[in-house]
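Below is one structure, written out as structure tokens, with a few remarks after it.
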Amino acid sequence: MSTAAGHVDPLAAARQERPSTLAEATEALRRADRDGERVLFLGGGTELSLGAPPTGVEVVLCTERLERIVEHAPLDQIVTVEAGVRLASLQDVLARSGQMLALDPPWASRATLGGLVATNAFGPLRTRYGSIRDLIIGVSIVRADGTEARGGGKVVKNVAGFDLPKLMVGSLGTLGFISTVTFRLHPRPQTERTVLFPDLDADAVRRVVLGLREAQLEPGAVAALVREGGDDLGVRFDGRFELGVRFDGFEAGVRQQGMKLLELATRRGWRAESLGAETARAFWARHDDARESSAGFRAKLAAQPMELERVANAAIGSLFTALEVPRCVCYPTLGLAFVAGEVRVAGQVAAAVTAAREAIPDGSVVLHAAPPEVRAAVDVWGASPAALPLMAAVKQRLDPGRRLAPGRFVGGL
Amino acid sequence: MSAPSVVTPAPAVEPIPAPASVIDRLIAVVGERNVIREPADLRTYECDALTSFRAAPSVVVLPASTEEVAAAVRIAVEAGMPVVPRGAGTGLSGGALPVKGCMLLGLSRMKRILEVDLDDGWIRVQPGVINLDVSKEISAAGYYYAPDPSSQSVCTIGGNVAENSGGAHCLKYGFTVNHVRGLRMVTAAGEVVDIGGPVLDGPGYDLLGVVVGSEGTLGIVTEVVLRILRKPEATRTFFATFPSTDEAGNCVSEIIGTGIVPAAIEMMDRLAIQAAVAATGVDWPDVGAALLMDVDGCTAEAEHTSEVAVGIARRTGAIEVRVPRSDDERMLMWKGRKSAFAAMGRLSPNYIVQDGVIPRKDIARVLSEISRLSQERGFRVANVFHAGDGNLHPLVLYDARIPGQEHAAEEMAGEILRICIRYGGSITGEHGVGADKAPYMGEMFSDADLDTMARVRCAFDPGTTFNPSKVFPTPRLCGDRPGPYRPHATEVAGLADRG
Chain B
1 MSTAAGHVDP
11 LAAARQERPS
21 TLAEATEALR
31 RADRDGERVL
41 FLGGGTELSL
51 GAPPTGVEVV
61 LCTERLERIV
71 EHAPLDQIVT
81 VEAGVRLASL
91 QDVLARSGQM
101 LALDPPWASR
111 ATLGGLVATN
121 AFGPLRTRYG
131 SIRDLIIGVS
141 IVRADGTEAR
151 GGGKVVKNVA
161 GFDLPKLMVG
171 SLGTLGFIST
181 VTFRLHPRPQ
191 TERTVLFPDL
201 DADAVRRVVL
211 GLREAQLEPG
221 AVAALVREGG
231 DDLGVRFDGR
241 FELGVRFDGF
251 EAGVRQQGMK
261 LLELATRRGW
271 RAESLGAETA
281 RAFWARHDDA
291 RESSAGFRAK
301 LAAQPMELER
311 VANAAIGSLF
321 TALEVPRCVC
331 YPTLGLAFVA
341 GEVRVAGQVA
351 AAVTAAREAI
361 PDGSVVLHAA
371 PPEVRAAVDV
381 WGASPAALPL
391 MAAVKQRLDP
401 GRRLAPGRFV
411 GGL
Chain Y
414 MSAPSVVTPA
424 PAVEPIPAPA
434 SVIDRLIAVV
444 GERNVIREPA
454 DLRTYECDAL
464 TSFRAAPSVV
474 VLPASTEEVA
484 AAVRIAVEAG
494 MPVVPRGAGT
504 GLSGGALPVK
514 GCMLLGLSRM
524 KRILEVDLDD
534 GWIRVQPGVI
544 NLDVSKEISA
554 AGYYYAPDPS
564 SQSVCTIGGN
574 VAENSGGAHC
584 LKYGFTVNHV
594 RGLRMVTAAG
604 EVVDIGGPVL
614 DGPGYDLLGV
624 VVGSEGTLGI
634 VTEVVLRILR
644 KPEATRTFFA
654 TFPSTDEAGN
664 CVSEIIGTGI
674 VPAAIEMMDR
684 LAIQAAVAAT
694 GVDWPDVGAA
704 LLMDVDGCTA
714 EAEHTSEVAV
724 GIARRTGAIE
734 VRVPRSDDER
744 MLMWKGRKSA
754 FAAMGRLSPN
764 YIVQDGVIPR
774 KDIARVLSEI
784 SRLSQERGFR
794 VANVFHAGDG
804 NLHPLVLYDA
814 RIPGQEHAAE
824 EMAGEILRIC
834 IRYGGSITGE
844 HGVGADKAPY
854 MGEMFSDADL
864 DTMARVRCAF
874 DPGTTFNPSK
884 VFPTPRLCGD
894 RPGPYRPHAT
904 EVAGLADRG
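Here's what the structure looks like:
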């Protein structure tokens, strides 16, 4: 395993377990419990650098052989998978029934469903379909003490008991081993169309977002990429974006919404064009490239959507100045953005992270990847959340020995 | 399971008076008028909409602010009193049922809308705000709050958060949990904590996901940040009648199979249709089943999907398809559907509203099992349900004046839950577990599942102060160390009896 940051691998000394059945996985956890060993769960390894490096891990439990699709019930629009199923292969299976899991994070061919749940990963489809917490309906876990437990179920509507599935979302393997997950599915859209605004400043992006809503348009995906306005010396941030708005669904609705958006653009004086299949693919490929760059530094920014101008100028701007080959993807309807690049001077990048955090005090800047020098200077999670004591209590009750990815999570949990 | 018009009154239970020192301290916090302690007044609070369970609280406190809630909780904790929160008391599972000796926190005075941010898409409200009042507040600007339980004109947001309430339109738009961005909550330590907020993806565990739907067992919510949505451009509705629920069920499956996600798709069987006709005067024919469906979105999409759906209805055996010609007609159709529960009073002196979920594809089989059960046990069952997500509401009709009927009807309603469990469904889709279904939790979940949930509960509330004896089949104490759970003190003392 090499981390994206390329620094010394803290897991090199750990024993690897590769269970091929859930029973074997449970057995491995019971053994670790008996021997008091610390455990890290590993899926596709796409977000291994997220969080603080866990300390003293003795066992790495790899899910790659837990790759069964346990149940796909097309008529009920649900699927249950083992943790190690890769997203792309699941989507292939679902596509045969005209369905999809409405989740399109980066690295779909490597990323596993267990890992995606644990890291709360997402892509542009979140615009319309929400995040994993809106798609997950059931989970089976193995606790640190080897106890198998289940929450939720396989029906979409269900309020029996506490929502353990949501508790697992984004928990980074610190509360239990996610062994199977059940998701609700959506029909694959019949068609889609992207309208591109090739050159907008942050304020105009914000106004397009408002315009979409005023015009009662319901795009499936909205993403803004920082325009590569640089010169031979590299990418410079001049505060300008290209914005893609994708409509999906039935032909009639997609066509009408695309036309309405173009009319709106004309009225407001924004340059916009409806992309053909090729150019649309090219735009979304640029989006994917920016998300998937295996950069030494990657940060996720969260703020209110209407704060975009401040996020762009203060947060994205300062990170772009500090990073080499910087890249950025914004999801302006959600108020979320990713900035990635290479670190040349760690002190400058750390200072830019601090500046970004100061610019959005009610939001967050979380480092998904960063070299040790940057991690030493700034906390990867930022300020502790107000509810940290409750989070610590949950961790204590489910993993009292602190043996699951110790230290990786918020507040050192 | 509720028996809304029980004729035999539950035996009056004398409240256990709260200690005078507690009363004095509470009066100092919220004022004389807002501390209710006369036995006759306390009885007003002895049940929620599930009237077959009753217990009078020792004292009812009506706080007006987060600070007052926190102070009251601290007083209760120091006095060793359980705390039971209550919104409008419309819940159907006994979630707001008092525990003997408890302090009942009535949050209905906390009904201010605190902040609206249309551009960022959220609204911050106190828990006593009525669900429908959220949408009214923002309606003129073209926005609305999506979750729409049938009781939305009276139920409160705080209660919705506790129960993770749904409604007819959650098939497309999700439940309360999908629309809560943040909470302010008073913990069992009497501290105020913010969880989440308007900005997405705050670092840390998704405690919001756990607190929403925890039925008042994890904390007392005093503010809620709700996501609000722009109204869709167009809504198209149709009403279709079928010879039986088989054809109607096939129609639902086919519509969903084409990739349409209806905003709502509701099914009623013959008895439910008769009741709606009797109660609201809708001119629905006497047929075996009916569907009421909404699609929404941009005009072209709504028109396309509604045309396709109407085509499917005709092909799958619809006797008649009606499309409302005006908004008034549409509202009347929905009124017929939404009044179906209450309308049962026209067909039967008493009835139990059941709430269970099954995989959608098994609707026909489950309905025939229910119908077989109905014949065996001699109770009529009317079915009203959210067909799109398999959420059944069988109404078991009985006559409480006949000795033994109420008990037998409740047993039959319980059997329906067992059918839901057997088909891989759930014992509740939207009404919650509360006191009513706690005994069934052990049939749906294993001991280990419940123990894991109980650990989460203990992380929030180690003294099990909040709403004890709800959700979990056996009250538990939180050990400091993992190990077998002991029964809760109130259970040992016979106070948590679920009579």
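Chains as they are written, first to last, in my numbering: chain B, 1 to 413; chain Y, 414 to 912. The beta-carbon is built from N, C-alpha and C at its ideal position, and this holds for glycine as well.
C-alpha gap between S521 (chain Y) and P498 (chain Y), whole angstroms | 10 angstroms
What are the start and end residues of the beta strand (DSSP E) that includes W535 (chain Y)?
-> W535 to V538
So which residues on chain B does H717 (chain Y) lean against when the C-beta distance must stay under 7 angstroms?
-> F250, A252 and G253
Could one say the Cβ of Y558 (chain Y) lies closer than 8 angstroms to chain B's Cβ atoms, at least one of them?
-> no
Kindly say whether D362 (chain B), judged by its beta-carbon, lies nearer than 8 angstroms to any beta-carbon of chain Y.
-> yes
Chain Y contact residues for G335 (chain B), given Cβ-Cβ distances below 8 angstroms = D533, V612 and L613
C-beta atoms of D849 (chain Y) and L517 (chain Y) nearer than 8 angstroms | no
Name the residues in the segment 157-172 of chain B whose C-beta lies less than 9 angstroms from a C-beta of chain Y; which are they?
-> K157, N158, V159, A160, G161, F162, D163, L164, P165, K166, L167, M168, V169, G170 and S171
Opposing strand residues paired with D435 (chain B) [DSSP bridges] = Examination of residue 435 (chain B) is not possible in this model, given that chain B is present from 1 through 413 alone.
May I ask you to report which of helix, strand or coil DSSP gives D232 (chain B)?
-> Model confidence at D232 (chain B) stands at a pLDDT of 49, short of 50, so the residue's coordinates are unreliable; what they give is reported in the following sentence. It is coil, neither helix nor strand.
Evaluate A12 (chain B) with the Cβ neighbour count: other Cβ atoms within 10 Å of its Cβ, from every protein chain shown; 16 or more gives buried, anything less gives exposed.
-> exposed
The segment 392-405 of chain B touching the segment 439-449 of chain Y, judged by at least three CB pairs closer than 8 angstroms | no
Can you name the residues of chain B whose CB is closer than 9 angstroms to the CB of A861 (chain Y)?
-> R143, T147, E148, A149 and R150
For the ligand SAM, is there a heavy atom less than 7 angstroms away from the beta-carbon of D862 (chain Y)?
-> For the ligand SAM, the structure offers nothing, since it holds no ligand at all.
Residues that E218 (chain B) contacts on chain Y, provided the C-beta gap is smaller than 9 angstroms = R643, P645, E646, G710, C711 and E714
Using a Cβ-Cβ cut-off of 6 angstroms (strictly less than) and excluding sequence neighbours within five positions of R150 (chain B), which residues of its own chain qualify?
-> S140
Check the Cβ-Cβ distances between R110 (chain B) and every residue of chain Y, and say whether any is below 8 angstroms.
-> no
Assuming W535 (chain Y) and P616 (chain Y) make a contact with CB atoms under 8 angstroms, what is their CB distance in whole Å?
-> Rounded, the Cβ-Cβ distance is 19 angstroms, inconsistent with contact.
For I815 (chain Y), count neighbouring Cβ atoms within 10 angstroms of its own Cβ and tell me buried if that reaches 16, exposed if not.
-> exposed
By Cβ distance, which residues of its chain are closer than 6 angstroms to V905 (chain Y), with the 5 residues on each side in sequence left out?
-> Residue placement at V905 (chain Y) is poorly supported in this model, since its pLDDT is 42, which falls under 50; the coordinates still yield a value, given next. Around V905 (chain Y): no qualifying Cβ.
Throw me the rounded Cβ distance for the V723 (chain Y) and V734 (chain Y) pair, which I believe falls under 8 angstroms.
-> 5 angstroms
Please classify A468 (chain Y): does DSSP put it in a helix, a strand, or coil?
-> coil
Sequence-distant residues of the same chain with beta carbon closer than 8 angstroms to G555 (chain Y), five excluded per side = R643 and K644
DSSP beta-bridge partners for T112 (chain B)?
-> B:R86
Under 8 angstroms between beta-carbons, which chain Y residues line up against P406 (chain B)? List them in chain order, please.
-> What P406 (chain B) touches in chain Y: nothing, since even the nearest Cβ is about 16 angstroms away.
Listed from N- to C-terminal order along the chain, which residues in the segment 345-374 of chain B have their beta-carbon within a distance smaller than 9 angstroms of any beta-carbon of chain Y?
-> I360, D362, G363, S364 and V366
Segment limits, alpha helix (DSSP H) that includes I776 (chain Y) | I776 to R790
Is it true that the segment 559-572 of chain Y meets the segment 496-510 of chain Y, where meeting means three or more beta-carbon pairs spaced less than 8 angstroms apart?
-> yes
A370 (chain B) beta carbon less than 8 angstroms from that of T174 (chain B) = no
How many angstroms separate the CA atom of C515 (chain Y) from the CA atom of V542 (chain Y)?
-> 24 angstroms
Sorted by chain position, which residues of the same chain lie with C-beta nearer than 6 angstroms to D682 (chain Y)'s C-beta, five sequence neighbours on each side aside?
-> T658, A702 and N796
Any chance you could list the alpha helix (DSSP H) runs of at least 4 consecutive residues sitting entirely within the segment 312-398 of chain B, in chain order?
-> 317-322, 346-359, 372-377 and 388-398
What first and last residue would you give for the alpha helix (DSSP H) that runs through H592 (chain Y)?
-> Here H592 (chain Y) belongs to no alpha helix (DSSP H), and DSSP marks it neither H nor E.
Can you name, in chain order, every residue of its own chain whose Cβ lies under 6 angstroms from the Cβ of L103 (chain B), other than the five neighbours on each side?
-> none
So what does DSSP say about Q818 (chain Y), is it helix, strand or coil?
-> helix
Check the Cβ-Cβ distances between M680 (chain Y) and every residue of chain B, and say whether any is below 8 angstroms.
-> no
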